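First to last, the sequence lines map onto chains A and C.
Numbers in our numbering are just positions in the first sequence, counted from 1, shifted up by 2.
Numbers in our numbering are just positions in the second sequence, counted from 1, shifted up by 2.
All C-beta atoms in this analysis are idealised placements derived from N, C-alpha and C, irrespective of residue type, glycine included.
Quantities reported herein were computed from a predicted structural model and do not represent experimental measurements.
There are 2 protein chains.
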Amino acid sequence: MIFRQIFESETHTYSYLLGDEATGGAILIDPVKSMVDQYIQLLNELDLALKISVDTHLHADHITGSGLLKKNTGCAIYQGEPSRSKGVSHTFEDGDTLSIGEVELKAIYTPGHTDDSYCFLVEQTRPYLLFTGDTLLIRGTGRTDFQNGSSRQQYESLFLKLLAMPESTKVFPGHDYHGMTMSTIKEEKQFNPRLQIKGCKEYEVLMSSLNLSRPRFMDEAIPANLNCGSEP
Amino acid sequence: MIFRQIFESETHTYSYLLGDEATGGAILIDPVKSMVDQYIQLLNELDLALKISVDTHLHADHITGSGLLKKNTGCAIYQGEPSRSKGVSHTFEDGDTLSIGEVELKAIYTPGHTDDSYCFLVEQTRPYLLFTGDTLLIRGTGRTDFQNGSSRQQYESLFLKLLAMPESTKVFPGHDYHGMTMSTIKEEKQFNPRLQIKGCKEYEVLMSSLNLSRPRFMDEAIPANLNCGSEP
């Protein structure tokens, strides 16, 4: 499997390219619109054809490249239910598998940051690879105070689903603001300050006390992302 | 082997942490001074003891964290000959091996960006891992116009040493300015615009025509790095 992590520095967003060497097909997770030309160049250089562009959720902090990638490469756009975006090719649900050749991403429904948040698990590698979007960040978690977010649901997504995975599982988040590129379930269980709590109630209190400012690009990003980032 | 790539965003510098699970020892390649607290926290969390801090060369664009790491962790500072820095614990030459338990870094002398530029090769993984400092960048190469740089020497380092490695070898550079985190020898051979040339003379002409501006932090970084980044 070809694997690339690509960083967009303005919004500190990580995108992930997974390529299947046998068929030459590829999946991009959480592409950023401003970097679409760069993704396409890399796909061409690696001799990969983009088959699927998938968003972990409706982003409020950057504009997805899915629509532009569909236009330029003919890839399909996948989003998890309850997706509200126009232009999606296929929707998926908890437990569904997105596959290109031998590359298989298992969709894990992890509501909380938004009500359409999913993580993706690759089980054919050792250790497993887990793409956690804005649900689990390195030493942090995604905010839950808008877009039908719910700290109770996020607690369940984190503690009952993600932290139940093998401790060696590699964690690849949707963002990092401190230069970290990956983590593991073991580390996050031990050292993520938001996960050192004694139950759902404590997590809800913690998340409601964060007093976060409104995302810079939210008013631009959400309407655009409801159209898969394409021009109307 | 524990492996982490860490990004310092002000100077777009990548540092690399390699940990040996058997002995709990670790090596840091090209640490940045402003991030030393973060490296130490990560080392502690991963239950690793830093044994070696090593610089690929005398940096002109950021201040090395080697001196501060030595002070705070007791690690040794390694630099390649002809190192001119004060405070170095051990120097090495082409072909020497830096090892911590089962983690072995083979030093490859690759002058050209500077006359003390080295790359480091890990041969116990498949594919190999190659840490290329400022000699080979992703779709680029390090400038050769100061610090005893030489485009002729860099040509030989690139074409006779680095590009002679197995094409699957993973390339981890000292910097990237476009969000890329890794490449391979195969890709660089095919798509690095500076390597699509017909001989040493053409490379020298190319490098002499770049008209690069003076590095922002050079006047601060070089004197500091001649003291391993420590206060005088």
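Following the continuous alpha helix (DSSP H) through residue i, name the residue where it begins and the one where it ends.
i: A:Gly67; result: From DSSP, A:Gly67 is part of no alpha helix (DSSP H); its letter is neither H nor E.
i: C:Val34; result: No alpha helix (DSSP H) holds C:Val34; DSSP gives it neither H nor E.
i: A:Glu206; result: Cys202 to Ser210
Using DSSP with H/G/I as helix, E/B as strand and the rest coil, what is residue i?
i: C:Val90; result: coil
i: C:Ile224; result: helix
i: C:Glu47; result: helix
i: C:Glu189; result: helix
i: A:Tyr41; result: helix
i: C:Thr75; result: helix
i: C:Leu100; result: strand
i: C:Phe133; result: strand
i: C:Arg1; result: Here chain C has residues from 3 to 234 only, and residue 1 of chain C is not among them.
i: A:Leu197; result: helix
i: C:Lys219; result: A quick correction: the sequence has Phe, not Lys, at residue 219 of chain C. C:Phe219 falls in the coil class under three-state DSSP.
i: C:Ser11; result: coil
i: A:Met182; result: strand
i: A:Ile140; result: coil
i: C:Glu83; result: coil
i: C:Ala109; result: strand
i: A:Ala28; result: strand
i: A:Arg6; result: strand
i: A:Leu52; result: strand
Contact defined as beta carbons within less than 8 Å: I believe residue i pairs with residue j. What is the distance between those atoms, to the nearest angstrom?
i: C:Thr93; j: C:Glu106; result: The pair is not a contact, with the Cβ atoms about 18 Å apart (cut-off 8 Å).
i: A:Leu44; j: A:Thr75; result: Their Cβ separation, rounded to whole angstroms, is 12 Å, which puts A:Leu44 and A:Thr75 out of contact at 8 Å.
i: A:Ala223; j: A:Ala62; result: 5 Å
i: C:Gly114; j: C:Asn194; result: In fact, because the Cβ distance is near 14 Å, the residues do not count as touching under 8 Å.
i: C:Thr183; j: A:Ile8; result: 7 Å
Going along the chain, which residues of its own chain have a beta-carbon closer than 6 Å to the beta-carbon of residue i, five neighbours each way excluded?
i: C:Gln126; result: none
i: A:Asp117; result: Asn150
i: A:Met167; result: Ile187
i: C:Gln155; result: Pro113 and Gly114
i: C:Tyr179; result: His14
i: A:Leu282; result: Residue 282 of chain A lies beyond the residue range present for chain A, which begins at 3 and ends at 234; the question has no answer from this structure.
i: A:Asp96; result: Tyr111
i: C:Gln217; result: Rather than Gln, the amino acid found at residue 217 of chain C in this sequence is Pro. Hits under 6 Å: Ala62 and Asp63.
Beta carbon of residue i: closer than 6 Å to some heavy atom of the ligand FMN?
i: C:Ser119; result: The ligand FMN is absent from the structure shown, which contains no ligand whatsoever.
Could you give the first and the last residue of the continuous beta strand (DSSP E) run that contains residue i?
i: A:Arg154; result: That residue, A:Arg154, is in no beta strand (DSSP E); its alpha helix (DSSP H) goes Ser153 to Glu158.
i: A:Pro175; result: Lys172 to Pro175
i: C:Leu164; result: Segment: none, C:Leu164 is in no beta strand (DSSP E) and carries neither H nor E.
i: A:Leu123; result: Tyr120 to Val124
i: C:Ser17; result: Thr15 to Gly21
I'd like to know whether the C-beta atoms of residue i and residue j end up nearer to each other than 7 Å.
i: A:Glu169; j: A:Lys188; result: yes
i: A:Gly89; j: A:Gly67; result: no
i: C:Leu131; j: C:Lys172; result: yes
i: C:Gln81; j: C:Asp57; result: yes
i: A:His59; j: A:His177; result: no
i: C:Cys77; j: C:Ile54; result: yes
i: A:Ile102; j: A:Asp22; result: yes
i: C:Gly181; j: A:Glu10; result: yes
Using a Cβ-Cβ cutoff of less than 8 Å, which residues in the same chain neighbour residue i once the five nearest sequence positions on both sides are dropped?
i: C:Leu165; result: Ile187, Glu190, Lys191 and Leu197
i: A:Leu212; result: Arg145 and Asp147
i: C:Ser152; result: Pro113, Gly114, Asp117 and Thr146
i: C:Leu228; result: Leu60, Arg86, Ser87 and Lys88
i: C:Pro129; result: Pro168, Ser170, Thr171, Lys172 and Thr186
i: C:Phe5; result: Tyr18, Leu19, Leu20, Gly21 and Leu131
i: C:Asn46; result: none
i: C:Gly231; result: Lys35, Ile65, Thr66, Gly67, Ser68, Gly69 and Leu70
Sorted by chain position, which residues of the same chain lie with C-beta nearer than 7 Å to residue i's C-beta, five sequence neighbours on each side aside?
i: A:Ile199; result: Tyr205 and Leu208
i: A:Asp98; result: Ala109
i: C:Ser159; result: Thr112, Pro113, Gly114 and Thr137
i: A:Gly26; result: Asp49, Leu50 and Ala51
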